[in-house]
Structure formats: C-alpha cells, structure tokens
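Asker: One structure follows; several queries about it will come next.
In my numbering, the protein residues as written are 5 to 331.
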C-alpha cells in the first residue's frame, strides 16, 4: 500500500477528470457571476477577489499537508490572530531603533512564532497521542484567549510610521500582479513540489493512507505529522505577513471562522479528509470558489452577506457528500 501511494505521488501525475472537478466548478461559478452581474469581470473586482482569497489559499496549502497526513487543524483562525498580534507588537517595539527594518524583523518573528504554534499542535497530537480534532480545538481556544488578553479586548494597531512602508505588501503589485497573489503562487509551487516530488511528500500521503502500514515500512508517522503541523504554522505566518497592512491592526476577531473556509477549500479541492490523497492546486481553486461566491453574494444582493458562513457550511457538507458518493 505504501509503495502504491509513493508511486502515485512520485513523478509526473496523470491528470484525471476527477482532478479537474474543482477547476470545472470554479469555471461554472465564474460563469454564473458574469450572468448575475456584468461588472463581475471588471479588472478591479477580479483583482479584489483574487487578492482577498490569498490568505485562505496560503493557509489552506498548509492544511493540505496536515489533512493528507491524517491530521486536522481547527486552530488556524485563532493562530492567525495570535501570530498577527505578536508581529505587530514586535514591529512597534523595534520601530524606534530599527525604523522600517522593524517590518522585516517582525516578519521573521512571525514565521518563528507560527512554526512554534504548529510544533505545539503537532507534539500534542503525536507525543500526547490526542486526537487532532480535540488537540487543535483546545489550542484554538488558547490562541484566541491570548490575542484577546494581549489586546485587552480591543485592537493592536501598527505604528503609523510603519503603515506606509508596509502598505505595498498587500496593496502593491509587480507587473500588474498583486503582491499577495505572487506570494500565494510561491507558496503553492513550493508546496506542490514538496508534496509531489520529495520523499517527505510521499511519506506524508503514506501516513495518511494507512499509518500502521507506513510504520511497518519504516516511516516515522509521528515525525511526518508533526512536520505537517509546522508547515501549517509557517503558512499561517506567511498569510499574517500579507494580512497586517490590509487593516493595520490585530483584533480578537481576526481570522474568525477561517478554519471553516480553509477546511472547505481543501475538501472542495479534492484532498481526502480521511488522509492519503492531496490536491494542492485544487485547494487553491477551492479558496477561489469560496471568495467568488462571497463576492457574488455582495454584488447580487440576492442573499445577505451575513450568510456567507452559512453558505460555506453548506458547501463543505455538499463536498463531503460528493466525496462519499464518488467513493
């Protein structure tokens, strides 16, 4: 079984109609958008949709590793808020002595904190032998409580002197391509390479396919799954780096319900929630589908934008039913 998983994930991957499902669904949703509102395809709106989907897409790439290895992380939204708050506090503290370089230092600190948060989740699951659902449900509450305590129930704004030099990270572009989109493409390309072309990627899917068989084959399932959680934490930190200049502050509600969007994007993208199967590019398509639907709800006025989370909940249920039917 492990050999089969390894051979499936190694080398050129044969494209099947099942793999094209998320992209066909994305095309259908876009077509519906054009029919509902003619301004949907305007350059400004498309750039807005793609840029706003970058945060969920980046985090969802990390979630693809976790889920494909047989895990689950419900803490990503709260972790996003916590990492964002730590980064802003670090930047504000370093700004008097480092000036604009405080942004770079704060980003580095954010990556370290994100990796440590992921490591904490991974160790609780693998060393503590607690189910991922329960473990990350606990850390979700811890991270959310910490950001609420740090902000004293309010917000943690970034220093005004840092807002202008930090602004291009979200609002800037390179050759007309928004910077968050470029960062998303880099994360996706690296994630796809690691998952499909490296030994770790093959072991990751082997661990998710059948942990016992993977152990008998010499794979350290605990190490593989812990590393997947660390990758998840790093992806959350990268998303936080892009997110800060958008609003310029961290609040207790930052990243709220993002775990629902992330898991939905991964499932829509074709990654099996039970593990052993991963579709990185499908995950990106899933994130775009969610953002396009949210955008259409705003443009059409057919459904209240306050029901976006309800619609996303319906989508993940339908996606799971579709997976069950196909199986």
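All residues carry an ideal CB built from backbone N, CA and C; glycine is no exception.
In this text, all values refer to a predicted model and were calculated from it rather than measured experimentally.
Report back the beta-carbon spacing between residue 173 and residue 183 to the nearest angstrom; my notes put them in contact at under 8 Å.
Answerer: Confirmed, Cβ separation roughly 6 Å.
Asker: Would a C-beta distance cut-off of 7 Å place residue 87 and residue 244 closer than the cut-off?
Answerer: Yes, the pair counts as a contact, with Cβ atoms nearer than the cut-off.
Asker: For residue 169, which of 223, 107 and 114 has the nearest alpha-carbon?
Answerer: Residue 107 is the option with its Cα nearest to residue 169.
Asker: What does the alpha-carbon distance come out to for the pair residue 68 and residue 287?
Answerer: Rounded to whole angstroms, residue 68 to residue 287 spans 7 Å at the Cα level.
Asker: At a cut of 8 Å, does the stretch 86-104 reach the stretch 156-168 through at least three beta carbon pairs?
Answerer: Yes: at least three Cβ pairs fall under 8 Å.
Asker: Classify residue 305 as buried or exposed, calling it buried when 16 or more other Cβ atoms lie within 10 Å of its own Cβ.
Answerer: It counts as exposed.
Asker: Take residue 119 and list the residues in its own chain whose beta-carbon comes closer than 8 Å to its own, dropping the five residues that flank it on each side.
Answerer: Hits under 8 Å: 234, 237, 238 and 241.
Asker: Just mark residue 197 as buried or exposed, buried being the case when its beta carbon has 16 or more other beta carbons within 10 Å.
Answerer: Residue 197 comes out exposed.
Asker: Within its chain, find whatever has a CB closer than 8 Å to the CB of residue 323; leave out the 5 residues flanking it on each side and keep chain order.
Answerer: So the list reads 268, 271 and 272, once near-sequence residues are dropped.
Asker: Note down the Cα distance separating residue 231 from residue 124, rounded to an integer number of angstroms.
Answerer: Those two C-alpha atoms are separated by around 11 Å.
Asker: To the nearest angstrom, how far is it from the Cα of residue 127 to the Cα of residue 176?
Answerer: Each residue's alpha carbon lies about 38 Å from the other.
Asker: Residue 241 by DSSP, collapsed to three states: which one?
Answerer: In this structure, residue 241 counts as helix in the three-state DSSP scheme.
Asker: Do you know whose CA, among 36, 52 and 77, lies nearest residue 262's CA?
Answerer: Checked all of 36, 52 and 77; the closest Cα to residue 262 is 77.
Asker: To the nearest angstrom, how far is the alpha carbon of residue 222 from that of residue 155?
Answerer: For residue 222 and residue 155, the distance between alpha carbons rounds to 46 Å.
Asker: Take residue 213 as the anchor and find which of 279, 84 and 48 has the nearest alpha-carbon.
Answerer: Looking at the Cα atoms, 279 is the closest of the given residues.
Asker: Please name the residue, chosen from 25, 283 and 24, that lies closest to residue 64 on a Cα-to-Cα basis.
Answerer: When each option's Cα is compared against that of residue 64, the closest is 283.
Asker: Between residue 1 and residue 295, is the Cβ-Cβ spacing less than 7 Å?
Answerer: The chain is shown only over 5 to 331; residue 1 falls outside these bounds and no answer can be derived.
Asker: Excluding the 5 residues preceding and the 5 following residue 147 in the sequence, name in chain order all residues of the same chain whose CB lies nearer than 8 Å to its CB.
Answerer: Here the set comprises 79, 82, 83, 85, 86 and 121.
Asker: If contacts are defined as beta-carbon pairs under 8 Å, then residue 228 and residue 208 qualify, I think. What distance do you get, rounded to the angstrom?
Answerer: Sure, about 6 Å apart at Cβ, within 8 Å.
Asker: Quick check on residue 54: does DSSP put it in helix, strand or coil?
Answerer: Helix.
Asker: Under the DSSP definition of a beta bridge, which residues are partnered with residue 253?
Answerer: DSSP lists 161 as partners of residue 253.
Asker: Going by DSSP, what residues sit across from residue 182 in a beta bridge?
Answerer: 177, per the DSSP bridge assignment.
Asker: Which residues bound the alpha helix (DSSP H) around residue 216?
Answerer: Taken as a continuous stretch (DSSP letters only), the alpha helix (DSSP H) holding residue 216 covers 215-220.
Asker: Taking 7 Å as the cut-off, decide whether the C-beta atoms of residue 27 and residue 247 are in contact.
Answerer: No, these two residues do not count as a Cβ contact at 7 Å.
Asker: For a test of the three-state rule: what should DSSP assign to residue 11, helix, strand or coil?
Answerer: Low confidence applies here, because residue 11 scores a pLDDT of 43, under 50, leaving its location unreliable; read the following figure in that light. Helix at residue 11.
Asker: Could you check the C-alpha separation between residue 131 and residue 226 for me, to the nearest Å?
Answerer: If I take the Cα positions, the gap works out to 8 Å.
Asker: Could you check which residue in 293, 254 and 256 has the C-alpha nearest to that of residue 266?
Answerer: The residue with the shortest Cα to Cα distance from residue 266 is 293.
Asker: Taking its Cβ as the centre, do 16 or more other Cβ atoms sit within 10 Å of residue 257, making it buried, or is it exposed?
Answerer: Answer is exposed; the Cβ neighbour count stays below 16.
Asker: Are residue 254 and residue 160 touching if we call contact CB-CB under 7 Å?
Answerer: Cβ atoms of residue 254 and residue 160: closer than 7 Å.
Asker: Using the rule of at least 16 other Cβ atoms within 10 Å of the residue's Cβ for burial, across every protein chain shown, is residue 104 buried or exposed?
Answerer: Exposed, because fewer than 16 other Cβ atoms sit within 10 Å of the Cβ of residue 104.
Asker: Using only CA atoms, which one of 51, 62 and 35 lies nearest to residue 192?
Answerer: Checking every option, the nearest Cα to that of residue 192 belongs to 62.
Asker: So, at 7 Å on beta carbons, what are the nonlocal neighbours of residue 25 in its own chain, with the 5 sequence-adjacent residues on each side left out?
Answerer: Excluding residues within five positions, the ones whose Cβ falls inside 7 Å are 274.
Asker: Out of 260, 199 and 302, which one is the CA nearest neighbour of residue 281?
Answerer: Of the listed residues, the one whose Cα sits closest to residue 281 is 199.
Asker: Keeping to the same chain, check which residues put their C-beta closer than 6 Å to that of residue 313; ignore five residues upstream and five downstream.
Answerer: If we look at residue 313 and ignore the five residues flanking it on each side, its Cβ neighbours are 261.
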